[in-house]
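Undergrad:
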Amino acid sequence: ANKEHMAFSQYPRPADQPQLNSDLPLLKDIRVMGYSMRTWDYRFTLWVAFDPSTFQANMSDIHAGELYMVADDPGEDVNVFSRLEHVAMVRKLDALP
Amino acid sequence: KGRRNVLFIIADDLRTSLGCYGDPVARSPNMDQLASRSQVFLNAYAQQAVCAPSRTSMLTSRRPDTTRLYDFYSYWRVHAGNYSTLPQYLKSQGYATMSVGKVFHQGIASNFSDDFPYSWSVPAYHPPSYRYENLEVCPGRDGALHRNLLCAVNVSEQPGAVLPDMESAAQAVTLLKSRVGRRQPFFLAVGFHKPHIPFRIPQEFLSLYPLEEMPLAPDPDVPELLPPVAYNPWMDLRKRDDVQKLNASFPYGPIPKDFQLLLRQHYYAAVSYVDAQVGRLLAALDELGLSDDTLVVLTSDHGWSLGEHGEWAKYSNFNVATRVPLMFYVPGVTSAASSFPFIDVFSQSGRRFQNGRPVENMVELVDVFPTVCSLLGLKAPRPCPRVSFKVELCTEGKNLVHSFRHRERG
Chain A
28 ANKEHMAFSQ YPRPADQPQL NSDLPLLKDI RVMGYSMRTW DYRFTLWVAF DPSTFQANMS
88 DIHAGELYMV ADDPGEDVNV FSRLEHVAMV RKLDALP
Chain B
-11 KGRRNVLFII ADDLRTSLGC YGDPVARSPN MDQLASRSQV FLNAYAQQAV CAPSRTSMLT
49 SRRPDTTRLY DFYSYWRVHA GNYSTLPQYL KSQGYATMSV GKVFHQGIAS NFSDDFPYSW
109 SVPAYHPPSY RYENLEVCPG RDGALHRNLL CAVNVSEQPG AVLPDMESAA QAVTLLKSRV
169 GRRQPFFLAV GFHKPHIPFR IPQEFLSLYP LEEMPLAPDP DVPELLPPVA YNPWMDLRKR
229 DDVQKLNASF PYGPIPKDFQ LLLRQHYYAA VSYVDAQVGR LLAALDELGL SDDTLVVLTS
289 DHGWSLGEHG EWAKYSNFNV ATRVPLMFYV PGVTSAASSF PFIDVFSQSG RRFQNGRPVE
349 NMVELVDVFP TVCSLLGLKA PRPCPRVSFK VELCTEGKNL VHSFRHRERG
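Written as C-alpha cells, this is what we have:
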C-alpha cells in the first residue's frame, strides 16, 4: 500500500540532435534511448547510450536528462534536470528491470 | 451463468482529449457514457509512443526491452521470445477470439497475419476502404484531390462511399450478432484507425468545433531547456501535401497559427467521429442483450501532441504522447446499469456524464493483460523473472484487479 506508483516509458533516437529519422529510427540506427519514469509528482527521463546489436543501454553514458515537477508544471515545460541533485533518481532508474 | 465475453476497443493516437478526462473542448458523449459505467484510470501510460511497439507491448504484457521491438520491422516470436498474447491466452481457455481493424500493427510486426492463428480463431478483418487512406482522396480548394493532412470529406463521394472505421464498426456489429445465443465466450478486439493522421473524416464533424472557439495549445513553443534529443520533428506531417505548402522549417517549425487551429479542429473532429463508431458498437452490444455479460475495455495505443512543446505527433516521452484513456466496464461491478443507448453528438452534444469510478494512481498498458484475465475469473500470468526471453507466459505489468475491490488510498 505504501509503494510509490510509477509508470514507465521509453523512446529511441538515432542521434542527440533532431534529424530526418528521429521520429522512427530503424533498430540498426538507434544510438540513444530515453527511459522515463513518472509518478504523481514528477516525470524523470534519462537519455542514455544504446547498442542496437546487444540491446543494451549504458546507464552511465548519459546524453541528456529531463525532470518536470508536475504539480507546478503540468505541461512539462520547465526542465529542471540541471538544477537538482538527481543522483538518487539515476540510481532508482538504474535499478529497474 | 458462464464466462463473460470481452469487447476490447482500441483507438489509434487517441490522447485523453475526451469529456470523461476533463477536456473542455472534446465532444465524446458515447465514450463518456461508457466511462460513467466504468472504472476509469485517469493516469494510464503507454510503454512507447508509437504504434507497433506499444501494441505489441500491451498485448504481450512485456515492455519494449523484452519484445525488442522499437520500430515496425520485427516479429517478437522470432526476434525476442515466443511470448503469449492476451487473445492467445484467452483462446487457449476456450474463447472465440476475433480481430477487427487495427489491433496488432500490420506487416512484419505481426508476421503479416495479425498474429493469426496464434492469437485469433479466425483471420483478422481489415476494412477494404483503408487502401485509399493515403492516396489522393482529399478535396483541395483548387478542386483537385490531394494527399492532405486535413481531409474532411463528403463520405458519399469517397471510393465505396464509406470510410474504414465505419466498415470496422459494421463488421464488429455483424460479429456480435453472430455470437448471440452461443455458449462459447468471445473476445472481440476492435481497432479503430482514427484519430491517426490523415484526418480523413466525415466533414460534418468539423461543425462541432467552430474555429473561433478552438484554442491553441497552452504551450505551443519548444521549451527552452528541452534537450534536442527529446524533441521529435513530426516528419509524417511534413510529408502531407497541405503541410508541405507551409514551408515549415526543419526541425523546429513552427506551423502558422491559423493552420494550428485547423489541425486541432480536425483532431477533435476525428475524436468525435471515433466516438460515434464506439457508440454504434456499444448500442449494438446493448440491443443484442450482451451488455450484461460482456466486459468492455477501451484504450488507445498512445497519445499525440496537439501543438504542445511545438510538436505535432507521438514519438516522445511527453505525457501528452504517452498518456492514454483506459477504462473497464465490468457488468455488475463497475455499474449496475448496463444500457448503452447511442448518443448522437449532433443533437446531444451538451450531454455530460459523471465518471463511475475514477482511479488516479499511475497504471500502464502492460497491466491490461493480467487485469482482464483476473476480471474474467481466469488465472492471471505470473510476474516475469528479471530475464524472461524464454518464458512464454508472464507479465511485466501489475494486476489491477484489487483496484476494483478497494478504493485507492491517499
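Chains A and B supply the protein sequences, listed in that same order.
Everything in the first sequence is counted per the working numbering, starting at 28 for the first residue and increasing by one.
Everything in the second sequence is counted per the working numbering, starting at -11 for the first residue and increasing by one.
We treat Cβ as the ideally placed atom computed from N, Cα and C, and that holds for glycine.
#1: Looking at the C-beta of residue 106 (chain A), does it have a partner C-beta in chain B at a distance below 8 Å?
#2: Taking its Cβ as the centre, do 16 or more other Cβ atoms sit within 10 Å of residue 78 (chain A), making it buried, or is it exposed?
#3: Would you report the Cα separation of residue 35 (chain A) and residue 298 (chain B), rounded to the nearest angstrom?
#4: Whose C-alpha, out of A:38, A:67, A:55, A:84, is nearest the C-alpha of residue 101 (chain A)?
#5: At the level of alpha carbons, what is the spacing between residue 391 (chain B) and residue 21 (chain B)?
#6: Count Cβ pairs between the stretch 40 to 56 of chain B and the stretch 84 to 96 of chain B that sit closer than 8 Å; are there 3 or more?
#7: Let me make sure I understand the geometry here. Which of B:176, B:165, B:264 has the alpha-carbon closest to that of residue 111 (chain B)?
#8: Would you mind working out which of B:337, B:326, B:383 sits nearest residue 352 (chain B), comparing C-alpha positions?
#9: Give me the chain A residues within the contact set of residue 214 (chain B), using Cβ-Cβ distance strictly less than 8 Å, ordered along the chain.
#10: My understanding is that residue 139 (chain B) touches residue 186 (chain B), with C-beta atoms under 8 Å, so please give their C-beta distance in whole angstroms.
#11: Whose CA, out of B:294, B:114, B:379, B:40, lies closest to the CA of residue 210 (chain B)?
#12: Going straight from the alpha carbon of residue 108 (chain B) to that of residue 87 (chain A), what length do you get?
#13: Could you tell me the alpha carbon to alpha carbon distance between residue 40 (chain A) and residue 375 (chain B), rounded to whole angstroms?
#14: Within the continuous beta strand (DSSP E) that includes residue 190 (chain B), where are the two ends?
#15: Kindly list the residues whose CB is nearer than 7 Å to the CB of residue 339 (chain B), restricted to its own chain and excluding five residues on each side of it in sequence; keep chain order.
#16: Does any residue of chain B bring its CB to less than 8 Å from the CB of residue 73 (chain A)?
#17: In whole angstroms, what is the alpha-carbon distance linking residue 247 (chain B) and residue 319 (chain B)?
#18: Below 8 Å, how does it come out for the stretch 28 to 42 of chain B and the stretch 359 to 376 of chain B: are there three or more Cβ pairs, yes or no?
#19: Could you check whether the Cβ of residue 33 (chain A) sits closer than 8 Å to any Cβ belonging to chain B?
#20: Considering residue 359 (chain B), what are the terminal residues of the alpha helix (DSSP H) in which it resides?
#21: Within a Cβ cutoff of 8 Å, which residues of the same chain sit near residue 279 (chain B), ignoring the five residues on either side of it in sequence?
#22: Looking at residue 387 (chain B): is its Cβ nearer than 8 Å to the Cβ of residue 103 (chain A)?
#23: Measuring CA to CA, which of B:38, B:212, B:324 is closest to residue 61 (chain B)?
#24: Mind pulling the chain B residues with CB within less than 7 Å of residue 57 (chain A)?
#25: Within 8 Å (strictly less), CB to CB, does residue 206 (chain B) reach chain A?
#26: Name, in chain order, the residues that DSSP records as bridge partners for residue 317 (chain B).
#27: Whose C-beta lies closer than 8 Å to the C-beta of residue 14 (chain B) among residues of the same chain, with five residues either side of it excluded?
#28: When you compare the stretch 111 to 120 of chain B with the stretch 151 to 166 of chain B, are there three or more beta-carbon pairs, one atom per stretch, that lie closer than 8 Å?
#29: Near residue 252 (chain B), what residues of its chain come up, given a Cβ to Cβ distance below 6 Å and the 5 sequence neighbours on each side ignored?
#30: Would you tell me roughly how many angstroms separate the C-alpha atoms of residue 26 (chain B) and residue 124 (chain B), rounded to the nearest one?
#31: Would you please state the rounded distance, in angstroms, between the beta carbons of residue 204 (chain B) and residue 250 (chain B)? I believe it to be under 8 Å.
#32: Starting from the beta carbon of residue 296 (chain B), find every residue of chain A whose beta carbon is closer than 7 Å, and list them in chain order.
#33: How big is the Cα-Cα spacing for residue 58 (chain B) and residue 335 (chain B)?
#34: From residue 389 (chain B) to residue 172 (chain B), what does the alpha carbon distance come to, in whole angstroms?
TA: In brief:
#1: Taking the first sequence and counting its residues from 1, the one referred to as residue 106 (chain A) is at position 79. It does: the Cβ of residue 106 (chain A) has a partner Cβ on chain B nearer than 8 Å.
#2: Reading the first sequence from its first residue, position 51 is the one you call residue 78 (chain A). Classification for residue 78 (chain A): exposed.
#3: Here residue 35 (chain A) refers to the residue found at position 8 of the first sequence. Here residue 298 (chain B) refers to the residue found at position 310 of the second sequence. If you take the alpha carbons of residue 35 (chain A) and residue 298 (chain B), they lie about 23 Å apart.
#4: On the first sequence, position 74 is the one that residue 101 (chain A) refers to. Checked all of A:38, A:67, A:55, A:84; the closest Cα to residue 101 (chain A) is A:67.
#5: Here residue 391 (chain B) refers to the residue found at position 403 of the second sequence. Here residue 21 (chain B) refers to the residue found at position 33 of the second sequence. In a straight line, the C-alpha of residue 391 (chain B) is about 21 Å away from that of residue 21 (chain B).
#6: yes
#7: Counting from one through the second sequence, the residue named residue 111 (chain B) turns up at place 123. For residue 111 (chain B), the nearest C-alpha among the options comes from B:176.
#8: Start at 1 with the first residue of the second sequence, and residue 352 (chain B) comes out as number 364. Of the candidates B:337, B:326, B:383, the one whose C-alpha sits nearest the C-alpha of residue 352 (chain B) is B:383.
#9: Translated into positions along the second sequence, residue 214 (chain B) becomes position 226. Per Cβ cutoff of 8 Å: 93, 106.
#10: Taking the second sequence and counting its residues from 1, one reaches residue 139 (chain B) at position 151. Taking the second sequence and counting its residues from 1, one reaches residue 186 (chain B) at position 198. Right, the Cβ-Cβ distance comes to about 5 Å (below 8 Å), so this counts as a contact.
#11: Translated into the one-based positions of the second sequence, residue 210 (chain B) becomes position 222. Looking at the Cα atoms, B:294 is the closest of the given residues.
#12: Counted from its first residue, the second sequence places residue 108 (chain B) at position 120. Counted from its first residue, the first sequence places residue 87 (chain A) at position 60. Whole-angstrom Cα-Cα distance: 43 Å.
#13: The residue given as residue 40 (chain A) occupies position 13 in the first sequence. The residue given as residue 375 (chain B) occupies position 387 in the second sequence. Roughly 24 Å between the two C-alpha positions.
#14: As a first step, residue 190 (chain B) is located in the second sequence; it is residue number 202 there, counting from the start. Residues 187 to 190.
#15: The sequence position of residue 339 (chain B) within the second sequence is 351, counting from 1. Excluding positions up to five away in sequence, the list reads 17, 331.
#16: For this step, residue 73 (chain A) is matched to residue 46 along the first sequence. False, the Cβ-Cβ gap to chain B never drops below 8 Å.
#17: In the second sequence, counting from the first residue as 1, residue 247 (chain B) sits at position 259. In the second sequence, counting from the first residue as 1, residue 319 (chain B) sits at position 331. Roughly 44 Å separates the two Cα atoms.
#18: no
#19: Counting from 1 along the first sequence, the entry for residue 33 (chain A) is found at position 6. At least one chain B Cβ lies under 8 Å of residue 33 (chain A).
#20: Locating residue 359 (chain B) in the second sequence gives position 371, counting from the first residue. Its alpha helix (DSSP H) spans residues 356 to 363.
#21: Stepping through the second sequence from its first residue, residue 279 (chain B) is reached at position 291. Within the same chain, residue 279 (chain B) has close Cβ partners 270, 273, 319, 326, 327, 328.
#22: Taking the first residue of the second sequence as 1, we reach residue 387 (chain B) at position 399. Taking the first residue of the first sequence as 1, we reach residue 103 (chain A) at position 76. Against a cut-off of 8 Å, the Cβ pair of residue 103 (chain A) and residue 387 (chain B) comes out as no contact.
#23: Along the second sequence, read from residue 1 onward, the residue named residue 61 (chain B) stands at position 73. The shortest Cα separation from residue 61 (chain B) among B:38, B:212, B:324 belongs to B:38.
#24: To locate residue 57 (chain A), count along the first sequence from 1; it is residue 30. Result: 58.
#25: Numbered from its first residue, the second sequence carries residue 206 (chain B) at position 218. Closer than 8 Å: yes.
#26: In the second sequence, residue 317 (chain B) corresponds to position 329, counting from 1. Paired residues: B:284.
#27: For the purposes of this step, residue 14 (chain B) is taken as the residue at position 26 of the second sequence. Excluding sequence neighbours, residue 14 (chain B) sits near 5, 6, 7, 256, 259, 260.
#28: yes
#29: Position 264 of the second sequence, counted from the first residue, corresponds to residue 252 (chain B). Closer than 6 Å at Cβ, skipping near neighbours: 202, 294.
#30: Within the second sequence, numbered from 1, the residue matching residue 26 (chain B) stands at position 38. Within the second sequence, numbered from 1, the residue matching residue 124 (chain B) stands at position 136. Cα to Cα, residue 26 (chain B) sits roughly 40 Å from residue 124 (chain B).
#31: Position 216 of the second sequence holds residue 204 (chain B). Position 262 of the second sequence holds residue 250 (chain B). At roughly 11 Å, the Cβ-Cβ gap does not stay under 8 Å, so residue 204 (chain B) and residue 250 (chain B) are not in contact.
#32: The residue you call residue 296 (chain B) lines up with position 308 of the second sequence. Going along chain A in sequence order, the residues near residue 296 (chain B) (Cβ under 7 Å) are 102.
#33: Position 70 of the second sequence, counting from 1, holds the residue named residue 58 (chain B). Position 347 of the second sequence, counting from 1, holds the residue named residue 335 (chain B). Rounded to the nearest angstrom, the two C-alpha atoms are 43 Å apart.
#34: For the purposes of this step, residue 389 (chain B) is identified with residue 401 of the second sequence, where counting begins at 1. For the purposes of this step, residue 172 (chain B) is identified with residue 184 of the second sequence, where counting begins at 1. Cα to Cα, residue 389 (chain B) sits roughly 24 Å from residue 172 (chain B).
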